[in-house]
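Q: Mind looking over this structure? Questions follow.
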Amino acid sequence: SVSSIVPESCLLIVVGLLVGGLIKGVGEKPPILKSDIFFLFLLPPIILDAGYFLPLRPFTENLGTILIFAVVGTLWNAFFLGGLMYAVCQLGGPGLNHIGLLANLLFGSIISAVDPVAVLAVFEEIHINELLHILVFGESLLNDAVTVVLYHLFEEFASFEQVTILDIILGFLSFFVVSLGGVLVGVIYGVIAAFTSRFTSHIRVIEPLFVFLYSYMAYLSAELFHLSGIMALIAAGVVMRPYVEANISHKSHTTIKYFLKMWSSVSETLIFIFLGVSTVAGHHYWNWTFVISTLFFCLIARVLGVLVLTWFINKFRIVKLTPKDQFIIAYGGLRGAIAFSLGYLLDYKHFGMRDMFLTAIITVIFFTVFVQGMTIRPLVDLLAVKKKQETKRSINEEIHTQFLDHLLTGIEDICGHYGHHHWKDKLNRFNKKYVKKCLIAGERSKEPQLIAFYHKMEMKQAIELVESGGIGKIPSAVSTVSIQNINPQTLPLERVLPALSKDKEEEIRKILRTNLQKTRQRLRSYNRHTLVADPYEEAWNQMLLRRQKARQLEQKMNNYLTVPAHRVDSPTMSRARIGSDPLAYEPKEDSENLPIITIDPASPQSPESVDLMSEEPKGCGGLPPSPEEDEEGLVMRVKEPSSPGTDDVFTPGTSDSPSSQRMLRCLSDPGPRPEPEEGEPFIPKGQ
Numbered sequence: 001s002v003s004s005i006v007p008e009s010c011l012l013i014v015v016g017l018l019v020g021g022l023i024k025g026v027g028e029k030p031p032i033l034k035s036d037i038f039f040l041f042l043l044p045p046i047i048l049d050a051g052y053f054l055p056l057r058p059f060t061e062n063l064g065t066i067l068i069f070a071v072v073g074t075l076w077n078a079f080f081l082g083g084l085m086y087a088v089c090q091l092g093g094p095g096l097n098h099i100g101l102l103a104n105l106l107f108g109s110i111i112s113a114v115d116p117v118a119v120l121a122v123f124e125e126i127h128i129n130e131l132l133h134i135l136v137f138g139e140s141l142l143n144d145a146v147t148v149v150l151y152h153l154f155e156e157f158a159s160f161e162q163v164t165i166l167d168i169i170l171g172f173l174s175f176f177v178v179s180l181g182g183v184l185v186g187v188i189y190g191v192i193a194a195f196t197s198r199f200t201s202h203i204r205v206i207e208p209l210f211v212f213l214y215s216y217m218a219y220l221s222a223e224l225f226h227l228s229g230i231m232a233l234i235a236a237g238v239v240m241r242p243y244v245e246a247n248i249s250h251k252s253h254t255t256i257k258y259f260l261k262m263w264s265s266v267s268e269t270l271i272f273i274f275l276g277v278s279t280v281a282g283h284h285y286w287n288w289t290f291v292i293s294t295l296f297f298c299l300i301a302r303v304l305g306v307l308v309l310t311w312f313i314n315k316f317r318i319v320k321l322t323p324k325d326q327f328i329i330a331y332g333g334l335r336g337a338i339a340f341s342l343g344y345l346l347d348y349k350h351f352g353m354r355d356m357f358l359t360a361i362i363t364v365i366f367f368t369v370f371v372q373g374m375t376i377r378p379l380v381d382l383l384a385v386k387k388k389q390e391t392k393r394s395i396n397e398e399i400h401t402q403f404l405d406h407l408l409t410g411i412e413d414i415c416g417h418y419g420h421h422h423w424k425d426k427l428n429r430f431n432k433k434y435v436k437k438c439l440i441a442g443e444r445s446k447e448p449q450l451i452a453f454y455h456k457m458e459m460k461q462a463i464e465l466v467e468s469g470g471i472g473k474i475p476s477a478v479s480t481v482s483i484q485n486i487n488p489q490t491l492p493l494e495r496v497l498p499a500l501s502k503d504k505e506e507e508i509r510k511i512l513r514t515n516l517q518k519t520r521q522r523l524r525s526y527n528r529h530t531l532v533a534d535p536y537e538e539a540w541n542q543m544l545l546r547r548q549k550a551r552q553l554e555q556k557m558n559n560y561l562t563v564p565a566h567r568v569d570s571p572t573m574s575r576a577r578i579g580s581d582p583l584a585y586e587p588k589e590d591s592e593n594l595p596i597i598t599i600d601p602a603s604p605q606s607p608e609s610v611d612l613m614s615e616e617p618k619g620c621g622g623l624p625p626s627p628e629e630d631e632e633g634l635v636m637r638v639k640e641p642s643s644p645g646t647d648d649v650f651t652p653g654t655s656d657s658p659s660s661q662r663m664l665r666c667l668s669d670p671g672p673r674p675e676p677e678e679g680e681p682f683i684p685k686g687q
């Protein structure tokens, strides 16, 4: 019940304190956690376990954010804390005046780095979501290079009489040498381990040994040249894992997994117990001003660093870090045994205040592990921070994730934007084309393991069918399912199988392979640089264009044949249009024989305003109509104005003949309309 409230690391420190108190009470001298034991034996298993099983996808996707927190954040913490502590020492009285700027900067570099052991111990118990876990844990892993550089730099500067500008520039360049050199050492040993695992198929027992051996050699080689051993271990584990797991057996994989977990758990337990014992056994010098200032400025520097860096990082991130995430990142900056061991390594000759530094370091470790470690779980529940998914991702999720990666790579390629999907695709191509062939044995270097296993099972079934004599009963095209349903015939004892030659056996296998169902081959992924021009592409385009033109022409003909004639305007519209512009309808010259419509512009509303003057048909009088007249059609003429003495209504004219009245009715009468129903609006809707 206590472990559900208090983290395991806190309980182990308490156990160490009790053990140290018992040893001291008996009169013996308790053992102290020596730096050599810590860095050579206790730290590597924890880092190797973290690097070998590092979740590579979230780590690479957030690598920029992790590097900013690890490099810029650690530098900010070190110099901000060192500068403020130097000011405190200058104002703190006679007990602190002798501590110079270099000693305070060295102390700031030791205490500013987030500890991976403490972060692992606390964050794995609260099951925080993957993004926050990888941000804080990745920062604790990668800030080792900054810590190593600053520690050795200020330690060397302490022995100098005068520090020049050249020394500072060389110290800045040494950061790149330490970090990139550690990564290079790890990559070299990782490739050697993967290459060695190609040839261990006959001696499976020693396969886990090579993983541990080469990883430890990478760490020792990096530490030998004052490079970052933690980054070398991480690089070795990340590089060797995909190739080693493709070569080794399943039992060896299980051995590596559980042995690493057990080894790292034992190391973590010993580290925290030794921290408690060393607290009781060590020499301490307590200074209230220095210790309280250190603790306060550590918290202030962490919060300010996270807030400022997150404000800058969110300008470039798609998934922004919320205020809750920022609080967890700032609150999760735990210190641990690395800071204690680095402080223990200080030389009394150059740093006479080592005991005071160690006392302040232990105070900060205890505060972060106990207070922050115990309260982070209720705070995560209180803020409703997203927890880690305990279940594995389904195959559907993995397939869609790979599909989206492939889609985003194609989009970046088309846009010409070289983002991380583009470079990831380039790296995967290079890996498949060259690296896998060298580091993975057998057919697994060419195709996925599942398809290779399918081919192996297919071959085994085919050989069983040949040996059972059931080859003649198999149809020519047989599926895998039908083969699986065929039971091999049990051979009678007296039957002797005919001896098959190698050529005949190979021929039978070939026949079986061609008849068995083929596995769907993986298509080559899209790359605009490898597209080959199709020689028939232009001919196909021409053919498609011809078909399209023929289809358009056919559509035009159909429209021409089926579209009805232009709708004749109603008489009211005709009168209004003609009355508005009567001069537009001037009589044509060669139009004596055409019917003439006279228009009265004065009264376009009168029913007699449109009158037929001559309704003789074309070609009357025995003359056929000419083609020009046939094309001209009806000609409209303006009606002559009546004389003042005549009556337009009662005076009969040429238009009063029965035939004229009949034609007039045909032109003016629009036909019967349906009577409007009761309640229907005068203007229909939609008009």
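In full-length UniProt numbering, the protein residues as written are 1 to 687. Where a beta carbon is used, it is the ideal one built from N, C-alpha and C, also for glycine.
Taking the alpha-carbon positions, what's the K386 to S159 distance?
A: 49 Å
Q: Looking at the structure shown, is K424 part of a helix, part of a strand, or coil, going by DSSP?
A: helix
Q: Could you tell me which residues DSSP puts in a beta bridge with I273?
A: The partner list for I273 (beta bridge, DSSP) is empty, contrary to what the question assumes.
Q: From L407 to A50, what distance separates their C-alpha atoms?
A: A straight line joining the alpha-carbon of L407 with that of A50 spans about 31 Å.
Q: Nearest to S267 by CA position, among L545, I47, S278, is which residue?
A: With respect to the C-alpha of S267, the residue from L545, I47, S278 having the closest C-alpha is I47.
Q: Contact check, A232 vs V185 under 8 Å by CB: the rounded distance?
A: Contact holds; Cβ gap of about 5 Å.
Q: Which partner residues does K387 have in the DSSP bridge list?
A: I128
Q: Take V303 and list the residues in its own chain whose beta-carbon comes closer than 8 Å to its own, dropping the five residues that flank it on each side.
A: A330
Q: In its own chain, which residues sit with a C-beta less than 6 Å from the C-beta of S293, not counting the 5 before and 5 after it?
A: Excluding sequence neighbours, S293 sits near V88.
Q: Please report the Cβ distance between G182 and S228, rounded to the nearest whole angstrom; I am assuming they are in contact, meaning their Cβ atoms lie under 8 Å.
A: Indeed they touch by this definition, with Cβ atoms about 3 Å apart.
Q: Excluding the 5 residues preceding and the 5 following S249 in the sequence, name in chain order all residues of the same chain whose CB lies nearer than 6 Å to its CB.
A: Cβ contact annotation for S249 (same chain, cutoff 6 Å, sequence separation greater than five): R204, in chain order.
Q: Can you tell me whether DSSP reads P94 as helix, strand or coil?
A: coil
Q: Measuring alpha carbon to alpha carbon, tell me which of N287, V280, A70, S394 ends up nearest G20.
A: V280
Q: Which of the three DSSP states, helix, strand or coil, is assigned to E615?
A: Note that E615 scores 43 on pLDDT, short of 50, meaning its location in the model is unreliable; the coordinates nonetheless yield the value given after this. Coil, per DSSP.
Q: Mapping DSSP to helix, strand and coil, what is W540?
A: helix
Q: Just the Cα atoms here: how many angstroms apart are Q555 and M543?
A: In this model, Q555 and M543 are separated by some 18 Å (Cα to Cα).
Q: Buried or exposed: which applies to G373, given that a residue is buried once 16 or more other Cβ atoms fall within 10 Å of its Cβ?
A: buried
Q: Does the beta-carbon distance from Q178 to V149 come in below 7 Å?
A: Position check: residue 178 holds Val in this sequence, whereas Gln was assumed. Yes, these two residues count as a Cβ contact at 7 Å.
Q: In its own chain, which residues sit with a C-beta less than 8 Å from the C-beta of L307, not counting the 5 before and 5 after it?
A: Q326, A330
Q: Shortest alpha-carbon distance to P378 belongs to which of F290, I126, R547?
A: For P378, the closest alpha carbon among the candidates F290, I126, R547 is that of I126.
Q: Between the segment 307-319 and the segment 348-360, do at least 3 Cβ pairs fall closer than 8 Å?
A: By the Cβ test, the segment 307-319 is not in contact with the segment 348-360, since fewer than three Cβ pairs between them sit closer than 8 Å.
Q: Can you tell which of P30, G16, Y52 has its C-alpha closest to the C-alpha of R241?
A: Y52
Q: Assuming R335 and I111 form a contact by the criterion Cβ under 8 Å, report the distance between their Cβ atoms to the nearest whole angstrom.
A: Confirmed, about 7 Å.
Q: Classify M557 as helix, strand or coil using the three-state DSSP reduction.
A: helix
Q: Anyone know if the C-beta pair for G73 and G305 falls short of 7 Å?
A: The criterion of a C-beta distance shorter than 7 Å is satisfied by G73 and G305.
Q: Going by Cα to Cα distance, which pick from V364, F272, R551 is closest to V291?
A: Taking only the C-alpha atoms, the option nearest V291 is V364.
Q: Express the C-alpha separation of W423 and V435 in angstroms, rounding to a whole number.
A: So the alpha carbons of these two residues sit roughly 16 Å apart.
Q: From this set, S35, G83, C10, which residue's C-alpha is nearest G343's C-alpha?
A: S35
Q: Of the choices I32, K324, C438, whose alpha-carbon is the least far from that of I192?
A: C438
Q: On a Cα-Cα basis, can you pick out the residue from V211, F259, R547 that is closest to E245?
A: Answer by Cα proximity: V211.
Q: Could you tell me whether the segment 129-137 touches the segment 163-180, where touching means 3 or more Cβ pairs closer than 8 Å?
A: no
Q: Put E161 into one of helix, strand or coil per three-state DSSP.
A: coil
Q: Comparing alpha-carbon positions, which option in V277, T254, A301 lies nearest F80?
A: Ranking the options by Cα distance to F80, first place goes to A301.
Q: Compare the C-beta of L102 with all C-beta atoms of chain B and state if any pair is closer than 7 Å.
A: Looking at the structure shown, chain B is missing, and only one protein chain is on hand.
Q: For T200 and A441, I'd like the C-alpha separation in whole angstroms.
A: 10 Å
Q: Just to confirm, are P30 and I37 a CB contact at a threshold of 7 Å?
A: no
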